[in-house]
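Plus 43 on top of the position in the sequence shown (first one is 1) and you've got our numbering.
Where a beta carbon is used, it is the ideal one built from N, C-alpha and C, also for glycine.
Since this is a predicted model, take the numbers as computed values, not measurements.
Beneath this line is the structure, given in structure tokens, with notes to follow.
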Amino acid sequence: MTATAQTDVKLQDLLKAGNRAYLIGIGGVGMSGLAKVLKSRGLHVAGSDQQESETTRDLIQSGIPVYIGHDLNHVHHHDFAIYSSAITISNQERRETILRGIPSFHRADVLSALMNQSISIAVTGTHGKTTTSAMLSTTLTLAGLKPTCLIGGKVKNFGTNIKLGDPHFMVAEVDESDKSHLLYRPDYLVLTNLEEDHLDIYENFDNLKQSFVELLKKVGNSSHIIYSGHDVCLKELVQVVSKKTSFGLSKQFDYGAENITIQNLRTQFDLFELGQRFTRVTLQVAGKHNVMNALATVATLRVFGLSMAKITQYLSEFVGVKRRLDVILSLPQITVIDDYAHHPTEIAASLQAIKTLQQKPLVAVFQPHRYSRMQHIGHQFPKVLALADRVIITDIYAAGETNTYETHAQDLEQMMKSADYPNAVYVPKNELIDYLVKNTGLEGVMAFIGAGDITEVAHEFADRITNPDPV
44 MTATAQTDVK LQDLLKAGNR AYLIGIGGVG MSGLAKVLKS RGLHVAGSDQ
94 QESETTRDLI QSGIPVYIGH DLNHVHHHDF AIYSSAITIS NQERRETILR
144 GIPSFHRADV LSALMNQSIS IAVTGTHGKT TTSAMLSTTL TLAGLKPTCL
194 IGGKVKNFGT NIKLGDPHFM VAEVDESDKS HLLYRPDYLV LTNLEEDHLD
244 IYENFDNLKQ SFVELLKKVG NSSHIIYSGH DVCLKELVQV VSKKTSFGLS
294 KQFDYGAENI TIQNLRTQFD LFELGQRFTR VTLQVAGKHN VMNALATVAT
344 LRVFGLSMAK ITQYLSEFVG VKRRLDVILS LPQITVIDDY AHHPTEIAAS
394 LQAIKTLQQK PLVAVFQPHR YSRMQHIGHQ FPKVLALADR VIITDIYAAG
444 ETNTYETHAQ DLEQMMKSAD YPNAVYVPKN ELIDYLVKNT GLEGVMAFIG
494 AGDITEVAHE FADRITNPDP V
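Below, the structure written as structure tokens:
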């Protein structure tokens, strides 16, 4: 990906205090964080989004003007524009920047320009980016190092997806889904894992893998690579770099964990450094996948130079990220959880963690995310969803896609039944809450799973339970 500036003006010059930046799609989690970073650096920032949201209201309260709806007149009188991957060339504001010769850049162009001029930690990979970058940011902040942090979710310790701090020390989640990870040159590069995903962009896993080959070639030995030693693909790829540190669920790795116990959505494990046991760590988040995220954090911060005592102390104070195993209602008879998992591996990790609650039944309410993902890896969902006692499937969240694949949520229901899992049913989204209230017994664990607007259903369902309609 390259910047699409219509003039020869350099991005670094535009990022100076006093210049006027306009963000198209400012309500997105990545764009809203970037908007606040730019404002903190003295730029005049404004933007637009298609819909009003909690995020746009927060931006307005922060002193950033936000237009609801796109209008070509909005972009006038700005020095440059920034757009996200969700904003296509057909967007009227983006087209207007081209017609008027206003330099325009993808979000990743701007973020990478900022990070490449700073001491930086970047986190990328198929899973765990948000939680790992949130753990890193929380631990560094509590240790008093004041990084500027941009996270792909709302960090509970901060109450937001961004933490403003030292402009020359940055931590950020870096997205591989659109190849923008290739723009970054961080001092510390965390590779959480690498699996088949985003095949609408990469077509096949080999192409995705090749993008990481290119990334490692570009960063060369200027970056210290922290990687999952369990991941066969990453283990192969990092052979070309000299500065590397591994982590995994064994003391054989540079940083390892053993004797893991999970109870009441909390996790404990023995932490090892270079084969030697250091201490027993307690996390306020559940699951072996979160142990992996914690190990990535420990490994990175030890390489960075933080003491093990400080890392483990502050890591134990991390309370999680919104929509990651997020308990939104806890009553004696029922627990309601909102979870962002949308890839089969993520769903398996979440359901395995939830099962440690030992509440029955475990009902998974799943909203598939993107038609392309259903088309390419939909066959992997039945096996992992079968970890639940019951599965309720609702309509696919398009995330801006059109259904050129002619794939439907009902297809997943049929796949599950063909795999001898009879307790799966499709329910249209607009009928979902009534169905759940009438057909689940309102007991056990209700886990709402997906990266789309299933979160709204989860909260509405929780409200229905606590505030039932009068008879």
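- Shown here, T182 sits in a helix according to DSSP, grouped into three states.
- Within a 10 Å sphere around the beta-carbon of R143 sit fewer than 16 other beta-carbons, which makes this residue exposed.
- In the structure shown, V214 falls within a strand segment according to DSSP collapsed to helix, strand and coil.
- When secondary structure is reduced to three states using DSSP, R416 falls in the helix class.
- When the Cα atoms are used, L193 and I508 turn out to be separated by approximately 35 Å.
- When beta bridges are read from the DSSP output, M489 appears opposite V379, V406.
- In the DSSP annotation of this structure, N200 is not part of any alpha helix (DSSP H), being labelled neither H nor E.
- Across the structure, T203 and S180 are spaced so that their CA atoms are roughly 12 Å apart.
- Annotated three-state conformation of S127 is coil, per DSSP.
- The bridge partners DSSP lists for K189 come to none.
- Under the DSSP assignment, A342 falls in the alpha helix (DSSP H) whose first and last residues are 331 to 347.
- Membership of D221 in any beta strand (DSSP E) is not indicated, and neither H nor E is assigned to it by DSSP.
- Bounds of the beta strand (DSSP E) holding D92 are 87 to 92.
- By the criterion of a C-beta distance shorter than 7 Å, N336 is surrounded in its chain by G171, T174, T175, M178, once the five residues flanking it on both sides are discounted.
- Excluding its 5 nearest sequence neighbours in each direction, V408 has C-beta neighbours in its own chain below 6 Å: I435, F491, listed in chain order.
- Residue burial is scored here from C-beta neighbours: S293 has fewer than 16 other C-beta atoms within 10 angstroms and is therefore classed as exposed.
- Per DSSP, A441 lies in no alpha helix (DSSP H) segment and is marked neither H nor E.
- For the pair Q423 and P387, the CB atoms are nearer than the 8 Å cut-off.
- Membership of F248 in the alpha helix (DSSP H) is indicated by the continuous run 248 to 262.
- Rounded to whole angstroms, the Cβ separation of K261 and L237 is 17 Å, and the two are not in contact under 8 Å.
- Taken in chain order, the complete alpha helix (DSSP H) segments of 4 or more residues contained in the stretch 273 to 306 are 275 to 280.
- A check of alpha carbon separations from V217 across Y231, V480, D243 identifies Y231 as the nearest.
- T235 places its beta carbon less than 8 Å from that of G168.
- Rounded to the nearest angstrom, the gap between the Cα atoms of A124 and G68 is 11 Å.
- Spanning the alpha carbons of P411 and A442 requires a straight line of approximately 10 Å.
- Here H149 is near S223, since their CB atoms are less than 8 Å apart.
- Here R100 is exposed. Its C-beta has fewer than 16 other C-beta atoms within 10 Å.
- The count of Cβ pairs closer than 8 Å, one atom from the stretch 369 to 387 and one from the stretch 479 to 498, reaches three, so the stretches are in contact.
- Its chain contains T378, G487, V488 as the residues whose beta carbon lies nearer than 7 Å to that of Q402, once the 5 sequence neighbours on both sides are disregarded; these appear in chain order.
- A direct Cα-Cα distance of roughly 19 Å separates S285 from Q295.
- It is roughly 11 Å from the alpha-carbon of S147 to the alpha-carbon of L57.
- In this structure, the alpha-carbon of T498 lies about 42 Å from that of Q319.
- Distance check between Y448 and each of Y414, M459, T437 places Y414 closest, using alpha-carbon atoms only.
- Going by DSSP, R137 is part of the alpha helix (DSSP H) stretching over 135 to 142.
- Per DSSP, the unbroken beta strand (DSSP E) holding D369 starts and ends at 369 to 373.
- Setting aside the 5 residues that flank it on each side, P425 is surrounded in the same chain by M458, M459, A462, each with a C-beta closer than 6 Å to its C-beta; the list follows chain order.
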